[in-house]
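Visitor: One structure is given below, represented as structure tokens, and several questions about it will come after.
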Amino acid sequence: MKPEPRRIALVDANSFYCSCERVFRPDLEHTPLVVLSNNDGCVVARDALVKRLGVQMGVPWFQLKEQAERQGIVCFSSNYTLYGDLSRRFMSVLGHYVPAEDQEVYSIDESFLDFTHQPQLDLTTTGQAIKERVRRWTGLPVCVGFGASKTLAKLANHVAKKQAPWGGVCDLTALTEAERRGVMKGIEVREVWGVGRQIAKQLMLRGVNTVADLAACDPNRIRERFGVVVERTVNELRGISCIDFEMAPPAKQQIIASRSFGGPLYTIADLAEPLRLHMGRAAEKLRHQQSTAGVVGVWIQTNQFRPQDPQYWPTRTIKMTEHSDDTAMLTAWAMSVLRSIHRPGYRYIKLGVMLMDLRPRALHQGSLFDATPPELDARREKLMGVLDKANGKWGRGSMGIGSAGVKADRAWTMQRGNLSPCYTTRWNELRTVS
DNA sequence: TCTGGGGTCCTAGGACCC
DNA sequence: TCTGGGGTCCTAGGACCC
20 MKPEPRRIAL
30 VDANSFYCSC
40 ERVFRPDLEH
50 TPLVVLSNND
60 GCVVARDALV
70 KRLGVQMGVP
80 WFQLKEQAER
90 QGIVCFSSNY
100 TLYGDLSRRF
110 MSVLGHYVPA
120 EDQEVYSIDE
130 SFLDFTHQPQ
140 LDLTTTGQAI
150 KERVRRWTGL
160 PVCVGFGASK
170 TLAKLANHVA
180 KKQAPWGGVC
190 DLTALTEAER
200 RGVMKGIEVR
210 EVWGVGRQIA
220 KQLMLRGVNT
230 VADLAACDPN
240 RIRERFGVVV
250 ERTVNELRGI
260 SCIDFEMAPP
270 AKQQIIASRS
280 FGGPLYTIAD
290 LAEPLRLHMG
300 RAAEKLRHQQ
310 STAGVVGVWI
320 QTNQFRPQDP
330 QYWPTRTIKM
340 TEHSDDTAML
350 TAWAMSVLRS
360 IHRPGYRYIK
370 LGVMLMDLRP
380 RALHQGSLFD
390 ATPPELDARR
400 EKLMGVLDKA
410 NGKWGRGSMG
420 IGSAGVKADR
430 AWTMQRGNLS
440 PCYTTRWNEL
450 RTVS
């Protein structure tokens, strides 16, 4: 017996970061808007008006600045505290439509919802209701796509976004086979979830140009040439759901914290400061997911966009003698790595730290040679708890190990010249109505 | 002068073992 | 002349995602 096809929705916010900024700045409703990456480096979000002006994703801001001024484009530094908070509200509105086990929060601005267990619902009507309620309760504009698999739901969402007649909601499950094929014929294969630049190029060389072409491929042949991942994608396009919902996000297998500096750094002493800051953040994430790390890694790099500079981008990892989640311990190991890879005479612009070989904290057992007595371990744990609380309350980096705790304008701190206030998370930055 | 920061999965090939 | 074969583990690199 053939199982009933699934009814999966993908809800995706339009130009999420830009929309977040606009929620608190209704005066900018008709102003073209971009949001910049860390350090005000390049464009990471564009609203519809800016897209129409032909501004590409990822353009360095310094190249765009003049044009932006001419065309009245407003720019914001990224404000992840604000986006994270609006994301939580958005996701909780979606939670009204399905039981918790049928919602997967896929990214900061996207969520899958499984309506398979609510066959009585008309999906287009439901999609419109979702769109309206999210708009009313959070101020965010969203589009909704429905399909028999996650990949088809993604595709439907793409259609809802790009093709105005759908009104922001596209239900592929309501179409006949022929109608669906018609829609797929009109979309380039590159747009499929899971098909990136390289694979799209290879497919097109073989005459597979549209989504319809890919859906018509023999999965076995695809597997031979492209592997199991693309094979799965073909099956999903054919309405066979292969990618399951992931409920509690699995614990991370590696944790990375890195940033470009506001300006170049040179010595080990210079680099130690951002190292301590990054390791503070990484260790916090590690403790948050209740893991310990067995391996720490560090990399530093010079500016590859300055070919006139000598280039150097060493990276190295080291296996610690025991697993740990202790900021001071992890920092000490990372410092030893930094000392081993650092060479004088280079102009460094970025440093990153990495935690690997993660395992659940419950498994942690003091090693036979562990010099720290258990009661000291308990005190350390308490200290780490205080650290995480303080940083949650007063902002990242307000408390840390050594000099990383000092909040100051240093050469290496991020440039965020156009940061919006934290409207939703700090009392003193709340919007006032007069 | 100024060019982001995270993550995952799969595969191929080498080391090593019996 | 003639140089096995299969299994596992690890790592590096490539591809993808947001």
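Numbers 20 to 453, taken from my numbering, label the letters of the first sequence in order.
Here a beta-carbon is modelled for each residue, glycine too, at the ideal position from N, C-alpha and C.
If you're wondering where the values come from, they're calculated on a predicted model, not measured in any experiment.
Whole beta strand (DSSP E) runs in the segment 69 to 108 with 3 or more residues, listed along the chain?
Guide: Here the runs fully enclosed are 93 to 96.
Visitor: Taking the alpha-carbon of Ser-343 as reference, which of Tyr-331, Glu-400, Trp-332 and Phe-324 has the nearest alpha-carbon?
Guide: Considering only alpha carbons, the answer is Glu-400.
Visitor: Determine the direct distance from the alpha carbon of Tyr-442 to that of Val-93, and round the result to whole angstroms.
Guide: Using only the alpha carbons, I get a separation of about 19 angstroms.
Visitor: In this structure, does DSSP put Arg-152 in helix, strand or coil?
Guide: Helix, per DSSP.
Visitor: Scan the segment 237 to 289 and note each continuous beta strand (DSSP E) run of 3 residues or more that stays entirely inside, going in chain order.
Guide: You should have 274 to 284.
Visitor: By alpha-carbon positions, which one of His-307, Val-78, Ala-235 and Thr-334 ends up nearest to Ile-319?
Guide: The option with the nearest alpha carbon to Ile-319 is Thr-334.
Visitor: Give me whichever residues DSSP pairs with Ile-454 in a beta bridge.
Guide: With the chain represented from 20 up to 453, any question about residue 454 goes unanswered, as that position is not in the structure.
Visitor: May I have the straight-line CA-CA distance separating Val-315 from Asp-328, to the nearest angstrom?
Guide: Taking the straight line from one Cα to the other gives about 29 angstroms.
Visitor: Assuming contact is defined by CB atoms lying nearer than 8 angstroms, are Val-30 and Glu-40 in contact in what I supplied?
Guide: No, Cβ-Cβ distance for Val-30 and Glu-40 is not below 8 angstroms.
Visitor: Could you name the residues that DSSP lists as bridge partners for Pro-379?
Guide: BP columns for Pro-379 point to Ser-310.
Visitor: Leu-171 lies in the beta strand (DSSP E); which residues open and close that run?
Guide: First-last for Leu-171: 169 to 181, but that is the alpha helix (DSSP H), not the beta strand (DSSP E).
Visitor: Looking at C-beta atoms only, is the number of pairs between the segment 153 to 171 and the segment 259 to 274 that lie closer than 8 angstroms three or more?
Guide: The segment 153 to 171 is in contact with the segment 259 to 274.
Visitor: Just verifying my parser: in three-state terms, what is the DSSP assignment at Gln-122?
Guide: In this structure, Gln-122 counts as strand in the three-state DSSP scheme.
Visitor: Do Ala-219 and Val-230 have their beta-carbon atoms positioned less than 8 angstroms apart in this structure?
Guide: No, these two residues do not count as a Cβ contact at 8 angstroms.
Visitor: Note down the Cα distance separating Ile-240 from Glu-255, rounded to an integer number of angstroms.
Guide: Residue identity differs from the one stated: residue 240 is Arg in this sequence, not Ile. Roughly 16 angstroms separates the two Cα atoms.
Visitor: Taking the alpha-carbon positions, what's the Val-317 to Pro-238 distance?
Guide: Val-317 and Pro-238: Cα-Cα distance of roughly 41 angstroms.
Visitor: Which of helix, strand or coil does DSSP assign to Phe-134?
Guide: If DSSP states are grouped into helix, strand and coil, Phe-134 belongs with coil.
Visitor: Within 10 angstroms of the Cβ of Ile-287, are there 16 or more other Cβ atoms? Answer buried if so, exposed if not.
Guide: Exposed, because fewer than 16 other Cβ atoms sit within 10 Å of the Cβ of Ile-287.
Visitor: Roughly how many angstroms separate the alpha carbons of Cys-162 and Arg-225, rounded to a whole number?
Guide: Rounded to the nearest angstrom, the two C-alpha atoms are 33 angstroms apart.
Visitor: Is DSSP giving Ile-218 helix, strand or coil here?
Guide: Helix at Ile-218.
Visitor: Just curious, the beta strand (DSSP E) that His-344 is in, first and last residue?
Guide: Looking at the sequence shown, residue 344 is not His but Asp. Segment: none, Asp-344 is in no beta strand (DSSP E) and carries neither H nor E.
Visitor: Can you find the residues in the same chain that come closer than 6 angstroms, C-beta to C-beta, to Lys-204, ignoring five residues on each side of it along the sequence?
Guide: Excluding positions up to five away in sequence, the list reads Thr-229 and Ala-231.
Visitor: How is Val-227 classed by DSSP in three states: helix, strand or coil?
Guide: Note: Val-227 maps to coil in three-state DSSP.
Visitor: Within 10 angstroms of the Cβ of Tyr-99, are there 16 or more other Cβ atoms? Answer buried if so, exposed if not.
Guide: It counts as exposed.
Visitor: Where do the ends of the alpha helix (DSSP H) carrying Ala-197 lie?
Guide: Ala-197 -> alpha helix (DSSP H) spans 196 to 204.
Visitor: Could you tell me the distance, in whole angstroms, from the CA atom of Asn-437 to the CA atom of Gly-158?
Guide: Distance between the alpha carbons of Asn-437 and Gly-158: 22 angstroms.
Visitor: Can you tell me whether Met-266 is buried or exposed? The criterion is at least 16 other CB atoms within 10 Å of its CB, across all chains shown.
Guide: Classification of Met-266: exposed, given that the 10 Å Cβ count is below 16.
Visitor: Span of the beta strand (DSSP E) holding Cys-189?
Guide: 188 to 190 is the span of the beta strand (DSSP E), which, as asked, contains Cys-189.
Visitor: Would the segment 192 to 206 and the segment 46 to 65 be scored as touching if the rule is three or more Cβ pairs under 8 angstroms?
Guide: Touching, no, given that fewer than three Cβ pairs across the two stretches are closer than 8 angstroms.
Visitor: Distance check for Leu-174 and Arg-435, CA to CA, integer angstroms please.
Guide: Using only the alpha carbons, I get a separation of about 35 angstroms.
Visitor: Let's see if you can read the secondary structure: which residues bound the beta strand (DSSP E) around Arg-65?
Guide: From DSSP, the beta strand (DSSP E) with Arg-65 extends over 62 to 65.
Visitor: Among all the DSSP beta bridges, which residues are the ones paired with Gln-533?
Guide: What is shown of the chain runs 20 to 453, which leaves residue 533 out entirely.
Visitor: Would you mind working out which of Leu-290, Ile-27, Gly-114 and Trp-156 sits nearest Pro-363, comparing C-alpha positions?
Guide: Minimum Cα distance to Pro-363 is reached at Leu-290.
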